[in-house]
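Below: one structure, written as structure tokens.
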Amino acid sequence: MLSIFTVLSMAILGTSTVAGIITNIFIVAVNFYARDAGVRMNDCDLVVCTLGLSNVVFLCTMTINDFCIFMWSDGYFSDGIYSMFNVLILFPIFSSFWFTVCLCVFYCIQILIFTSPFFIKLKQNIAMVVHGLLVWSVLTSLVISLPAAWSFDKELSWNTTTDLTGNITLVGGVPKLNLYYLLFSFIIGCTVPLLLVSISNGLIIQSLCAHAKHMVQSSSSSSTSRSEAGLRAVKTVTLLLLLYITFYVAEVLMFIDMFPPTSPWFCVCLIVIYLYSPTQSVILILGSPKLKTMSCKMLCR
Numbered sequence: 019m020l021s022i023f024t025v026l027s028m029a030i031l032g033t034s035t036v037a038g039i040i041t042n043i044f045i046v047a048v049n050f051y052a053r054d055a056g057v058r059m060n061d062c063d064l065v066v067c068t069l070g071l072s073n074v075v076f077l078c079t080m081t082i083n084d085f086c087i088f089m090w091s092d093g094y095f096s097d098g099i100y101s102m103f104n105v106l107i108l109f110p111i112f113s114s115f116w117f118t119v120c121l122c123v124f125y126c127i128q129i130l131i132f133t134s135p136f137f138i139k140l141k142q143n144i145a146m147v148v149h150g151l152l153v154w155s156v157l158t159s160l161v162i163s164l165p166a167a168w169s170f171d172k173e174l175s176w177n178t179t180t181d182l183t184g185n186i187t188l189v190g191g192v193p194k195l196n197l198y199y200l201l202f203s204f205i206i207g208c209t210v211p212l213l214l215v216s217i218s219n220g221l222i223i224q225s226l227c228a229h230a231k232h233m234v235q236s237s238s239s240s241s242t243s244r245s246e247a248g249l250r251a252v253k254t255v256t257l258l259l260l261l262y263i264t265f266y267v268a269e270v271l272m273f274i275d276m277f278p279p280t281s282p283w284f285c286v287c288l289i290v291i292y293l294y295s296p297t298q299s300v301i302l303i304l305g306s307p308k309l310k311t312m313s314c315k316m317l318c319r
């Protein structure tokens, strides 16, 4: 009989999956609806829409993956199926992290005031920069996730019964991702994006503080559009950074097998991973005036 904690965890996982798929599809649908209505999708909307699609893929893959583990464990741990799910899970994770970097870089280029001719030209060609970063994110995520198809070892399990000679018999092997591959992929796919998001957050906060100080010195109490956009960007990037760190810690603990699968802490890490996509979509909705207005209208109806 399943424990209350296990049942509660499964309920939370199911609810978060449904909520994540609904909110991320909402982000994609609103942007495409606006595009069909003749409203041009700006660069920020493009990044947010790409993040929404990545989160939908991640949630669907995770759901199918966990279902196969519980209902089809014999077939799941075969080399072909296990390799396929490794790639399908890691690719949207790494993509989501790098897409978040794209969003933070976009905020930095738009909000920060540059004096260097290079950065001024970069700001003028923001559309080309965003498209290039998105392509780079997809290619980088693909390159570091594809080796997961063959970068795993068999963790041998042994039978506890012994024969008359005292020998222990081998009963099978469970595949585990190679430690060297995990180290490499997590540095490129998780740690580097985390550092870039942190740097972007710091630069935006520094720029906003400098702008606020300038307003005080000039005895100006009016709120400019730049300061409002900067404040909104700071809130969005800071919340994404905190969410990113929480997900990063839970993901690392899961992959290094810190907790056994039957422990409560394992379920907590799994819940954090499942809550990442719906929480991120809510942050993106609240950080976008268009998405926030549309969601309020739908809730009022």
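For the sequence shown, the working numbering assigns the number 319 to the last residue and increments by one with no breaks. Virtual Cβ for every residue (Gly too), placed ideally from N, Cα, C.
Query	Result
Residues in its own chain within less than 8 Å of PHE273 by CB, not counting five upstream and five downstream?	LEU195, LEU200 and PHE204
Taking one C-beta from the segment 209-227 and one from the segment 254-269 each time, how about it: are there three or more such pairs within less than 8 Å?	yes
Please classify LEU195: does DSSP put it in a helix, a strand, or coil?	strand
What residue does the alpha helix (DSSP H) around LEU6 start on, and which one ends it?	With the chain covering 19 to 319 only, the question about residue 6 has no answer from this structure.
Would a C-beta distance cut-off of 8 Å place LEU127 and ILE138 closer than the cut-off?	Contrary to the premise, residue 127 reads as Ile rather than Leu in this sequence. Not a contact, by the Cβ cut-off of 8 Å.
Return the first residue and the last residue of the alpha helix (DSSP H) that LEU164 is part of.	Premise fails: LEU164 is in no alpha helix (DSSP H) and is neither H nor E.
Cutting at 8 Å between CB atoms, please list the residues of its own chain near VAL119, excluding the five before and the five after it.	LEU151, SER155, PRO211, LEU214, VAL215 and SER218
With a threshold of 6 Å on Cβ separation, who are the neighbours of ILE291 within its own chain once the five nearest residues in sequence on each side are excluded?	ALA268
Taking 8 Å as the cut-off, decide whether the C-beta atoms of SER163 and VAL123 are in contact.	no
Give the C-beta separation of ASN49 and ASP63 to the nearest angstrom, bearing in mind that I take them to be a contact with Cβ-Cβ under 8 Å.	5 Å
Does DSSP put ARG53 in a helix, a strand or coil?	helix
Locate the alpha helix (DSSP H) running through LEU140, then write down its first and last residues.	135-142
Among the residues of its own chain, which have a CB less than 6 Å from the CB of VAL36, if the five just before and after it don't count?	none
Compute the distance between the beta-carbons of PHE76 and ILE99, then report whether it is under 8 Å.	no
Is the CB-CB distance between CYS67 and VAL46 below 8 Å?	yes
Thinking C-alpha only, which one of PRO135, GLY207, ASP84 and ASN42 is nearest TRP116?	GLY207
If distances are taken between C-alpha atoms only, which option among MET28, LEU121, VAL25 and THR81 comes closest to GLN298?	LEU121
Classify PHE109: buried if its beta carbon has 16 or more other beta carbons within 10 angstroms, exposed otherwise.	buried
Roughly how far, in whole angstroms, is the beta-carbon of THR41 from the beta-carbon of PRO296, given that I think they are within contact range, below 8 Å?	6 Å
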